[in-house]
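The working numbering applies: residue 17 is where the sequence shown begins, and numbers increase by one.
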Amino acid sequence: MTAAKILTQGGRKVIIYEKEKAVGQSRHGDFEGLENWIFADSGPLFFESHGFEWLDLKQQSIFNFSIHTEKIPALVLKSKLPFFHIIRRGSAANTIDSYLYEQCLKSGTEFCFDQKGPEGADIIATGSIKAAAYIRGITFSTKMKDQVHLLLGRRFAPKGYAYLIVNERRGTLAAAFKKTKNIDNPLIESINYFKNSGFNIPHGKHFAGRGSFSIPYNPLLVKPIYIGESGGFQDYLFGFGIRLAMASGKISAFKLMGLESEAQKLLKIIKQKQKLSYMQRLIFEKLSDQQLRKAAEKMSSVKNPLSILGNAYTWNFKRVIQWLIIKGKNEIHNF
């Protein structure tokens with residue numbers, strides 16, 4: 017939809033073929049986040065640069081959240097600027113999916129629902145191709161106040177993390193993880209942790225998903241152009257990847273409009289972010305539970321934890337060397 021918005025603003029006629037019966041119908045009404053550490057632009061500036069009005073988006077800015085690990089009390093991270101903005105997914109009103117859809121309609125984009133795309137489509141955005149990580153979660157109604165929690169530990173989410181988001185009497189509790197032989201269902205462990213910590217987690221509606229750490233060969237060089245998760249454009253660690261997916265849509269629109277230099281410039285920036293994201297994941301996956309606790313304690317003790325997260329996505333000579341060492345040896349092969 018980002019690609020469609022930019023193309024229609026550029027005078028092109030755009031048709032989106034959606035296999036579901038409505039935009040966002042494959043989502044679950046769960047909460048996700050628009051992070052403010054991967055890109056230098058704030059949420060409002062980023063959306064405006066991609067053709068969308070930020071004020072029309074239903075979101076909540078998060079200036080503090082708690083980190084949980086076993087054996088130590090929960091730690092609170094605080095920031096003067098928002099860590100991220102909570103948004104809801106799905107086809108209901110006030111979700112980011114319906115918001116993007118309504119703005120695309122206003123700009124003249126045509127939608128064909130309950131249909132697969134025709135042969136010869138210019139852009140493909142069909143989601144993850146190869147499953148490398150998984151998510152299991154529940155959504156539920158609650159009387160708890162608005163809050164955000166991050167849960168770290170192998171028992172709760174092997175090589176990943178769990179999170180609890182409560183916003184306007186709705187809750188999402190999910191575990192994002194890689195498969196392991198020792199734990200059948202990390203979500204159950206995460207639910208039990210929060211229940212034992214005094215949170216009222218009711219029975220909710222279960223959902224599941226998957227993600228890929230692979231990227232198709234040269235996804236933006238020839239048509240059809242693969243964008244979003246189908247093109248590997250996502251964050252590999254703590255970001256939900258929405259901004260990276262939108263950026264890939266912008267790149268594809270530039271290429272189809274003949275703005276080759278602008279597309280290549282933005283693609284270079286995005287590839288750097290993905291490389292940094294992947295290197296952070298490699299480091300994260302090797303941390304023991306004890307090291308995760310120490311990292312959480314360090315993050316909670318600094319005055320500006322948001323700057324530490326932002327620095328992790330900043331390219332420098334040391335990270336160039338690190339990338340040259342790991343390049344071609346892991347799951348991502350086509351940078």
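The C-beta atom is built at its ideal place from N, Cα and C for all residues, glycine as well.
Environment of Ile7 [buried if 16+ CB atoms lie within 10 Å]:
Absent from the model: residue 7. The displayed extent of the chain is 17 to 351, so no value can be given.
Under the rule that 16 or more other beta-carbon atoms within 10 Å means buried, what is Trp53, buried or exposed?
Buried, since its Cβ has 16 or more Cβ neighbours within 10 Å.
When you compare only the Cα positions, how much space is there between Tyr242 and Ala261?
Those two C-alpha atoms are separated by around 11 Å.
Closer than 8 Å, CB to CB, is Glu86 near chain C or not?
Within the model displayed, chain C is absent; a lone protein chain is all it includes.
Exposed or buried, which one is His44 when buried takes at least 16 other CB atoms within 10 Å?
His44 is buried by the Cβ-count criterion.
Comparing C-alpha positions only, which one of Asp113, Ile22, Ser206 sits nearest to Phe193?
If you compare the alpha carbons of Asp113, Ile22, Ser206 with that of Phe193, the shortest gap goes to Ser206.
Mind checking Ala279: buried by the 16 CB within 10 Å criterion, or exposed?
Taking a 10 Å sphere around the C-beta of Ala279, we find 16 or more other C-beta atoms and assign the residue as buried.
Grab the span of the beta strand (DSSP E) containing Gly187 for me, first residue to last.
Unbroken beta strand (DSSP E) run through Gly187: 186-193.
Following the continuous beta strand (DSSP E) through Asn201, name the residue where it begins and the one where it ends.
No residue range can be given for Asn201, since it is assigned to no beta strand (DSSP E) and is classified by DSSP as neither H nor E.
Taking the alpha helix (DSSP H) that Glu135 belongs to, which residues open and close that run?
Bounds of any alpha helix (DSSP H) do not take in Glu135, whose DSSP letter is neither H nor E.
Find the nearest neighbour of Val182 within the set Ile217, Tyr150, Ala149, Ile204, judged by alpha-carbon distance.
Per the Cα distances, Ile217.
Please identify the residue among Ser95, Leu50, Gly124 whose C-alpha is closest to the C-alpha of Leu23.
The alpha carbon of Leu23 has as its nearest neighbour, out of Ser95, Leu50, Gly124, the alpha carbon of Gly124.
For Gln163, which of helix, strand or coil comes out of DSSP?
Residue state, collapsed to three classes: strand.
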